[in-house]
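Here the sequence shown is numbered in our numbering, starting from 313 and rising by one per residue. Ideal Cβ placement from N, Cα and C applies to all residues, glycine included.
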Amino acid sequence: MPVRPSFRRTPWLLTAAAVLAVAGWTAVGAPAGAAPRHRAPEPPPAATVCSPAGTLKGPGGQRAVVGLCANGGGAGTSLSAPATCRRGGTTVRYACLTSGTWTLRRDGRTVATGPLPGGRETPEPGTYEVSGTVRVRSSPAGVDLRGTVRATLTLTDPKPVATHRIEVDRHTLRPRSTATLTYTVARDSDAGDGSARFGLIGEESSGVELTTSDARCVNPLTGRHPSTARSMYALDCALTDLQPGRPSTVVVHARLADACTSVVSKLGYWMPRGQSLYTGGMLAGPTVTCD
C-alpha cells in the first residue's frame, strides 16, 4: 500500500473515509474456553441515488440528458454524472462518456470539489447543491457536448467518527534548508488493531529528501529488480503498536533544494469487516507547505 502522489447517497455507507480495508473479524478459531467474540454488525448495503441535473444540446440534434449521482460502497463518498446521448436523424444507440468536475455547496458555501467521477470524505448530513461542469462524448462518435448541470441532494447519514489522526509539530518549510518534522500518529478507537502504514511524500521533481533513523521507515524502492534505487522524496513507515492512549511518534528530516515543495502525509489502517469493504481509502494528514 505505497503512498503515491495525488495532489454517494441514500444511504451513504458509514465507512471511515480513510480505511485501508483488509481484514475481517469473526469468532472462528477462538480457543476452547475463551470468552465468545461477537461479530460486529454488518455495514448497511451500498446504494446509489441519482437526481436529474440538466440537458445539454448542440448542433445537428445532439442531446445529452445528464444526472448527478452520489455513490456508497467504498471508502468515503463519490459523485458521478451518468448521461444518455442521442442525435436527431439517426438510429444509432450511443454509449455516453462523461468527465469533468463537481462542486458541493451548502448554504452558499463550497464544501468540497473533485473530479467526475471521483470522491472525497463523507460530508455532514444536510441538503447540498451539487453542480457539475461536464463534457459528454458518445461512443461511437456523434455527440460531444460541454456545459454545467445542477441538482440538489439531501444526505442523511451521520458523518463517520474518525478512528485515527495525524499531527505534526510544524507546518512550513523553506528552500535550501533542512527541517525536522515530528509526526504523532494516534488511534483513538477500540475498533481495528494496532497496525497502520504511515506515508510521507514530496514533489518528485523538487529534489527534496525525506530521511529518518526510525527503523520502521524506508524510502521506497524504484525500478525493476535488481535495482536498489530508492525514492528519496517519499517515506513509508510500518507502525504495529498503535493503541488508544499509546500514540506513535516518527521523526523525519526534510532537506529541501532550491525548489519549494509541500510534504503530504497519509495513513492506511486495518478495520473490522475489511473483507467486505473496498480497499484503497487513506486518511489524509496535515500538509507541510513551503514558502
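Residue range of the beta strand (DSSP E) that includes residue i
i	result
SER450	438-451
ARG528	Note, ARG528: premise wrong, no beta strand (DSSP E); not H, not E.
GLY401	Element bounds for GLY401: n/a, residue is neither H nor E.
VAL562	560-567
GLU479	476-480
GLY459	456-467
Residue burial classification, residue i (beta-carbon count within 10 angstroms, cutoff 16)
i	result
THR268	A query on residue 268 cannot be resolved here, the shown segment of the chain reaching from 313 to 603 and no further.
LEU533	exposed
SER577	buried
THR434	buried
ALA463	buried
VAL404	exposed
SER517	exposed
SER411	exposed
ALA407	exposed
ALA453	exposed
Residues near residue i by beta carbon distance below 7 Å, same chain, minus five either side
i	result
PRO559	THR496, VAL497, ALA498
The ligand ADP heavy atom lying under 7 Å from the CB of residue i
i	result
ASP500	Because no ligand of any kind appears in the structure shown, any question about the ligand ADP cannot be addressed here.
Residues bridged to residue i (per DSSP)
i	result
ARG421	ARG418
ARG488	Paired residue(s): none; ARG488 is not in a bridge.
VAL581	The sequence given here has Tyr at residue 581, not Val. Per DSSP, ALA508.
ASN383	THR360, SER390
CYS572	Answer is none; CYS572 lacks a bridge partner.
SER411	ARG447
VAL600	VAL575
Nonlocal neighbours in the same chain, by C-beta distance under 8 Å from residue i, ignoring five residues either side
i	result
LEU409	VAL448, ARG449, SER450, SER451
THR490	HIS565, ALA566, ARG567, LEU568
When the options are compared against residue i, the one with the closest alpha-carbon
i	options	result
GLY506	THR552, SER539, THR466, SER517	THR552
GLY597	GLU479, VAL377, ALA453, GLY430	GLU479
SER543	GLY511, ALA571, VAL563, ALA527	GLY511
VAL530	ARG536, GLN555, ASP500, VAL563	VAL563
PRO364	ALA508, GLY379, MET583, LEU457	GLY379
Same chain only: Cβ atoms within 6 Å of residue i, ignoring 5 sequence neighbours per side
i	result
TYR545	GLY514, GLU516, VAL520
HIS483	VAL600
GLY400	GLY373
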